[in-house]
Amino acid sequence: MNRTPLSQPTSRSDSSPVNGGAKGRLMTSQTSDLDTFEHETRARIAASTDEAALEAVRVEALGKQGALPGLMRTLGQMSPQERAVMGPRLNGLRDSIVEAIAVKRAALAEAALEARLKAEAVDVTLPAPPAYRGAIHPISRVMEELARICGEMGFTLEEGPDIETDFNNFTALNFPEKHPARDMHDTFFFHPGPDGTRRLLRTHTSPVQVRTMLKQKPPIRMICQGRTYRCDSDATHTPMFHQMEGLVIDRTTNMADLKGTVTALVRAFFEVDELIVRFRPHFFPFTEPSAEMDVRCDRSGGQLKIGTGADWLEILGCGMVHPNVLRACGLDPEEWQGYAFGFGVDRMAMLKYAIPDLRDMFANDVRWLRHYGFSPYVLPGLAEGVG
Ligand code: DAH
């Protein structure tokens, strides 16, 4: 395997001091062999195009089984005169080859780095590719807008779980057991637990009112937003949808406060100065009196304009909190009263941003999101407008 292009003295007798002529010839021939070896090795070092090739040359020339160490081992068999010449020559040769390899290795490393830098170069002056970077879903956006408006009006943001108890979703909200009002909500029930009670997917965000009243002392001024569920599916209903709820509990709140608050909220949300509203009597088990709020709108010209116009658009439900609800939440109706309101967030988003079909909102179609989504870098703020 190893190339040993050098003739090596085979025995001491070859270099017998008696035979001065032979010794002289040997040394001369060895020296010229060494020149050839050095020349060849240097050429091979120079011709190495990568680290592996260079390493192969090094092993052949300098490795344990390599040519030079082999020669060095023969020094012991030489006469002192020969050794005096060959010793320094071999040492010098080894040093020069070691150095040549080191120089070449450094050059190869530098060339490799150079090539890599060239291959991986990034032109930072190029415009960014039009890669799609994601967008905020209109529902998230609208919930953020509504939360900001209500935040300015002094409301805190409360949360509740999607899986609720029958008590929080119905009983405490004055839906009596077996009362037909429960059927208004096509509820997804879970199997009854060991105690016989059934958990359910909340059918509205109103149970968060109950949770808040049970854990906080009035005065309370809260909103909550989130997912709600009903077993219902058509062009305007999806089994999962979003609602927002507001609750104010204080000693002297009244219907006028309620009207002022929800009108201000809707006006800020739709960013219209002129917003004509009306309150129609309605029924909700948890409020008395109850109302639905409509806003004026204009549908002429195939476009919906909110605020003024010939038509009415139903926007939200509201009312004064029913004394039974206050009682169920441990509050004395003689001391505390309050108002509440609730509405569908998805519909608000559709109205504000002209989104035609509710079901598309949850279809996870990225083309839809590209069209209707919002930049994550621009947050809604009241100063610059929430929209
Ligand atoms: N929970 C009602 C629903 O899902 C909405 C609602 C109406 C909430 C009136 C309220 C309210 O807080 O006062 O239809």
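In terms of our numbering, the sequence shown is residues 4 to 390.
Cβ coordinates follow ideal geometry from the N, Cα and C atoms, glycine included.
None of the values given here were measured: they were computed from a predicted structure.
Within the same chain, and ignoring the five residues on either side of residue 90 in sequence, the residues whose Cβ sits closer than 7 angstroms to its Cβ are 78. Residue 343 places its beta carbon 7 angstroms or farther from that of residue 369. DSSP places residue 250 in the strand class (E or B) of the three-state scheme.
Counting the other Cβ atoms within 10 Å of the Cβ of residue 161 gives 16 or more, which makes it buried. Residue pairing by DSSP puts residue 160 in a beta bridge opposite 226.
In the DSSP assignment, residue 340 falls outside any alpha helix (DSSP H) and within the unbroken beta strand (DSSP E) covering 340-347.
Here the C-alpha atom of residue 153 lies approximately 30 angstroms from the C-alpha atom of residue 236.
The ligand DAH never approaches residue 341 closely enough for any of its heavy atoms to be under 6 angstroms from the residue's Cβ.
Cβ neighbours of residue 286 within its own chain (closer than 7 angstroms, five residues either side excluded): 293.
Remark: the shortest separation between the CB of residue 173 and any heavy atom of the ligand DAH does not fall under 6 angstroms. Residue pairing by DSSP places residue 299 opposite 315 in a beta bridge. Here residue 321 carries a strand assignment [DSSP, helix/strand/coil].
Residue 170 and residue 212 have their C-alpha atoms roughly 12 angstroms apart. In this structure, the straight-line span from the alpha carbon of residue 38 to that of residue 125 is close to 48 angstroms.
The three-state secondary structure of residue 40, taken from DSSP, is helix. Inclusion of residue 290 in the 6 angstroms shell around the ligand DAH follows from its C-beta lying nearer than that to a non-hydrogen atom of the ligand. Remark: the shortest separation between the CB of residue 272 and any heavy atom of the ligand DAH does not fall under 6 angstroms. Excluding residues up to 5 positions away in sequence, 138 lie with their Cβ nearer than 6 angstroms to the Cβ of residue 372 in the same chain.
Taken in chain order, no unbroken stretch of beta strand (DSSP E) lies wholly in the segment 108-133 with a span of 3 residues or more. The three-state secondary structure of residue 81, taken from DSSP, is coil. DSSP, read as helix, strand or coil, puts residue 139 in strand. Burial state of residue 255 is exposed, judged by a 10 Å Cβ sphere holding fewer than 16 other Cβ atoms.
For residue 176, the closest alpha carbon among the candidates 332, 106, 379, 378 is that of 332.
Under DSSP, no beta-bridge partner is assigned to residue 65. With 16 or more other Cβ atoms from the protein chains shown falling within 10 Å of its own Cβ, residue 252 counts as buried. Contact between the segment 347-367 and the segment 104-115 is not established, with fewer than three Cβ pairs separated by less than 8 angstroms. Sequence-distant partners of residue 352 (beyond 5 residues in either direction) whose C-beta falls short of 7 angstroms from its own C-beta, in its chain, are 141, 142, 145, 358. Where residue 239 is concerned, there is no enclosing alpha helix (DSSP H), because DSSP gives it neither an H nor an E. Shown here, residue 293 sits in a strand according to DSSP, grouped into three states. At the C-beta level, residue 300 and residue 265 stay beyond 7 angstroms of one another. By a beta-carbon distance limit of 8 angstroms, residue 100 does not contact residue 34. Their separation comes to about 16 angstroms.
Residue 197 has its alpha-carbon roughly 36 angstroms from the corresponding atom of residue 159. The Cβ-Cβ distance between residue 227 and residue 241 does not fall below 7 angstroms. Bridge pairing for residue 203: 167, 192 [DSSP].
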